[in-house]
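Following: one structure in structure tokens, then a few remarks.
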Amino acid sequence: MSRAGNLSLVSPRIGVVTFPGSLDDRDALRAIRLAGAEPVPLWHGEKWLSDVEAVVLPGGFSYGDYLRCGAIARFSPAMESIIDGARNGMPVLGICNGFQVLCEAHLLPGALIRNDHRKFVCRDQRLRVENADTAWTGCYQQGQEIVVPLKNGEGGYVADQRTLDELEAEGRVVARYVGDNPNGSYRAIAGISNPEGNVVGLMPHPEHAVEELTGPSTDGLAMFSSVLQSLVATA
Amino acid sequence: MARVVVDVVMKPEILDPQGQAILGALTRLGIEGVNSVSQGKHFELDVDDDLDDDTLTTLADTLLANPVIEDFTIHR
Numbered sequence: 026m027s028r029a030g031n032l033s034l035v036s037p038r039i040g041v042v043t044f045p046g047s048l049d050d051r052d053a054l055r056a057i058r059l060a061g062a063e064p065v066p067l068w069h070g071e072k073w074l075s076d077v078e079a080v081v082l083p084g085g086f087s088y089g090d091y092l093r094c095g096a097i098a099r100f101s102p103a104m105e106s107i108i109d110g111a112r113n114g115m116p117v118l119g120i121c122n123g124f125q126v127l128c129e130a131h132l133l134p135g136a137l138i139r140n141d142h143r144k145f146v147c148r149d150q151r152l153r154v155e156n157a158d159t160a161w162t163g164c165y166q167q168g169q170e171i172v173v174p175l176k177n178g179e180g181g182y183v184a185d186q187r188t189l190d191e192l193e194a195e196g197r198v199v200a201r202y203v204g205d206n207p208n209g210s211y212r213a214i215a216g217i218s219n220p221e222g223n224v225v226g227l228m229p230h231p232e233h234a235v236e237e238l239t240g241p242s243t244d245g246l247a248m249f250s251s252v253l254q255s256l257v258a259t260a
Numbered sequence: 048m049a050r051v052v053v054d055v056v057m058k059p060e061i062l063d064p065q066g067q068a069i070l071g072a073l074t075r076l077g078i079e080g081v082n083s084v085s086q087g088k089h090f091e092l093d094v095d096d097d098l099d100d101d102t103l104t105t106l107a108d109t110l111l112a113n114p115v116i117e118d119f120t121i122h123r
């Protein structure tokens with residue numbers, strides 16, 4: 026009753042899945058709260074998604090990155106429901122390890138491999154938003170440059186030439202690295218979407234750039250406001 | 048029980064930073080004649096004798112390897 030200023034009386038519920046080895050689930054939940062939605066913690070072992078309207082797969086090292094990053098998490102009970110939901114239009118954002126999980130689940134094309142320079146990279150990274158029409162980027166301007174943290178060991182985005190050309194032609198490159206390519210990603214790709222734009226994978230971390238005190242900027246917050254806006258618009 | 052081996056390597060067109068690091072180390076060791084190195088994974092599975100080839104292919108294709116970036120070979 027007291028949610029004055031919100032576009033709806035009930036805030037959309039947005040889930041964040043915790044896998045064994047997830048690191049950034051708490052920050053993702055916090056970013057969702059700051060954006061004005063209701064954050065809902067989800068457990069990888071639960072198939073039931075607690076009536077959430079969108080899901081964030083957070084960063085970290087699910088299952089210790091055993092076998093390949095995201096390869097085991099992709100078969101968790103929660104992922105079964107998320108794959109079904111994503112195919113039916115539910116917005117899903119995979120950040121870092123979450124991006125790797127989405128590629129392993131074939132919700133997004135390509136794969137993420139070890140950084141070409143073989144070292145872990147951790148820095149504030151400038152990105153250009155190449156597509157402001159997805160469920161997760163509607164609050165950005167096309168071509169807007171943002172700065173958010175980047176931290177990965179296996180963040181090199183790779184795909185065959187045909188897939189890369191297809192992504193470019195369909196506007197599915199959502200964000201690109203500006204300046205030095207930090208991890209050898211083909212065509213400096215930092216994030217991509219599925220053809221419908223409801224599933225987005227991003228290697229850098231918008232959830233760490235939502236407050237002045239703890240982030241290099243607050244540029245990441247718009248990613249979570251975007252999905253909120255798209256959920257309210259379609260409600 | 049039968050022993051099945053599945054070998055997984057990066058597709059040749061995908062950059063293999065670990066293979067390149069090994070190649071660099073070989074050069075520093077003064078070993079000549081090695082032109083490229085591809086690092087992969089080797090899985091040993093103890094399986095029932097009657098486990099069919101299709102099942103083995105499925106498990107390699109869906110879990111042991113990511114066919115987007117890797118090739119696999121099954122030896123039984």
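Protein chains in written order, with the numbering used here: chain H, 26 to 260; chain S, 48 to 123.
By construction, the Cβ of each residue, glycine as well, lies at the ideal position given by its N, Cα and C atoms.
All values derive from a computational prediction rather than experimental measurement.
When we look at the beta-carbon of residue i and count the other beta-carbons within 10 Å, is it buried (16 or more) or exposed?
i: R28(H); result: Reliability fails at R28(H), whose pLDDT of 46 lies under 50, so the model's placement of it is uncertain and the value that follows must be treated cautiously. The residue is exposed, with fewer than 16 neighbouring Cβ atoms inside 10 Å.
i: H131(H); result: exposed
i: N208(H); result: buried
i: C147(H); result: exposed
i: R55(H); result: buried
i: I61(S); result: buried
i: H142(H); result: exposed
i: E179(H); result: buried
i: I138(H); result: buried
i: M104(H); result: buried
i: V219(H); result: This sequence places Asn at residue 219(H); Val is not what is there. Buried.
i: W73(H); result: exposed
i: V183(H); result: buried
i: I39(H); result: buried
i: M26(H); result: Below a pLDDT of 50, predicted positions are generally treated as unreliable, and M26(H), at 42, falls in that range; no measurement from the model is reported.
Rounded to whole angstroms, what's the CA-CA distance from residue i to residue j? Just pull it up for me.
i: A157(H); j: D149(H); result: 21 Å
i: V53(S); j: V84(S); result: 19 Å
i: C121(H); j: P231(H); result: 10 Å
i: A194(H); j: E78(H); result: 29 Å
i: V51(S); j: D97(S); result: 12 Å
i: V154(H); j: D190(H); result: 18 Å
i: I121(S); j: P174(H); result: 41 Å
i: P241(H); j: A247(H); result: 14 Å
i: S36(H); j: S251(H); result: 14 Å
i: L67(H); j: V81(H); result: 10 Å
i: R187(H); j: K58(S); result: 16 Å
i: I171(H); j: D244(H); result: 6 Å
i: F145(H); j: K176(H); result: 7 Å
i: T259(H); j: E129(H); result: 29 Å
i: V94(S); j: R123(S); result: 10 Å
i: I91(H); j: G85(H); result: Checking the displayed sequence, the identity of residue 91(H) turns out to be Tyr instead of Ile. The straight-line gap from Cα to Cα measures roughly 12 Å.
i: V56(S); j: L110(S); result: 14 Å
i: V42(H); j: G222(H); result: 20 Å
i: K88(S); j: V126(H); result: 20 Å
i: V198(H); j: P114(S); result: 22 Å
i: S44(H); j: L76(S); result: According to the sequence shown, residue 44(H) is Phe rather than Ser. Distance between the alpha carbons of F44(H) and L76(S): 42 Å.
i: G114(H); j: V257(H); result: 14 Å
i: A234(H); j: A53(H); result: 10 Å
i: D49(H); j: C94(H); result: 15 Å
i: F249(H); j: G110(H); result: 18 Å
i: G80(S); j: D185(H); result: 30 Å
i: Y211(H); j: M48(S); result: 44 Å
i: S255(H); j: Q65(S); result: 42 Å
i: A60(H); j: F119(S); result: 45 Å
Spell out whether any CB of chain S is found under 8 Å from the CB atom of residue i.
i: N140(H); result: yes
i: A160(H); result: no
i: G135(H); result: yes
i: G226(H); result: no
i: S51(H); result: Going by the sequence as given, residue 51(H) is Arg instead of Ser. No, R51(H) does not count as interfacial toward chain S.
i: E193(H); result: no
i: R197(H); result: no
i: E129(H); result: yes
i: N31(H); result: Legend: pLDDT at N31(H) = 49, less than 50; position of this residue unreliable, value from coordinates given subsequently. So no, N31(H) is outside the interface.
Taking Cβ positions only, does residue i come closer than 8 Å to chain H?
i: A68(S); result: yes
i: P59(S); result: no
i: I116(S); result: yes
i: N113(S); result: yes
i: Q7(S); result: The requested residue 7(S) does not occur in the structure, where chain S is confined to residues 48 to 123.
i: L110(S); result: yes
Starting from the Cα of residue i, find the closest Cα among the options and give me that residue.
i: E156(S); options: D99(S), I61(S) and L103(S); result: Given that chain S is displayed from residue 48 to residue 123, the structure contains no residue 156(S) and the question cannot be resolved.
i: A213(H); options: M115(H), R143(H) and P229(H); result: P229(H)
i: D205(H); options: R151(H), L137(H) and G85(H); result: R151(H)
i: G168(H); options: V203(H), A53(H) and G181(H); result: V203(H)
i: A200(H); options: H233(H), A234(H), Q254(H) and Y165(H); result: Y165(H)
i: I116(S); options: A136(H), G95(H) and D50(H); result: A136(H)
i: S47(H); options: D185(H), A98(H), I108(H) and V224(H); result: A98(H)
i: V225(H); options: M104(H), F124(H), F100(H) and G61(H); result: F124(H)
i: R112(H); options: G95(H), C94(H), L133(H) and P102(H); result: L133(H)
i: D63(S); options: N140(H), I217(H) and D52(H); result: N140(H)
i: F100(H); options: L106(S), Q67(S) and A49(S); result: L106(S)
i: A160(H); options: G196(H), D185(H) and V117(H); result: V117(H)
Anything in chain A within Cβ reach of residue i, meaning under 8 Å, just list it in chain order.
i: L62(S); result: Within the model displayed, chain A is absent; protein chains H and S are what it includes.
Closer than 7 Å to a non-hydrogen atom of the ligand FMN - does that hold for the CB of residue i?
i: R55(H); result: Ligands in the displayed structure: none, and consequently the ligand FMN is not present.
Original post:
What are the uninterrupted segments assigned as beta strand (DSSP E) that are 3 or more residues long and contained completely in the segment 178 to 202 of chain H, given in chain order?
Top reply: 181 to 183 and 198 to 202
**OP:** Could you tell me which uninterrupted beta strand (DSSP E) segments, each at least 3 residues in length, are contained entirely in the segment 214 to 242 of chain H, listed from first to last along the chain?
**Re:** 214 to 218 and 224 to 227
Original post:
Curious, which full-length beta strand (DSSP E) runs of at least 3 residues does the segment 90 to 178 of chain H contain?
Top reply: 117 to 120, 136 to 138, 146 to 154 and 170 to 177
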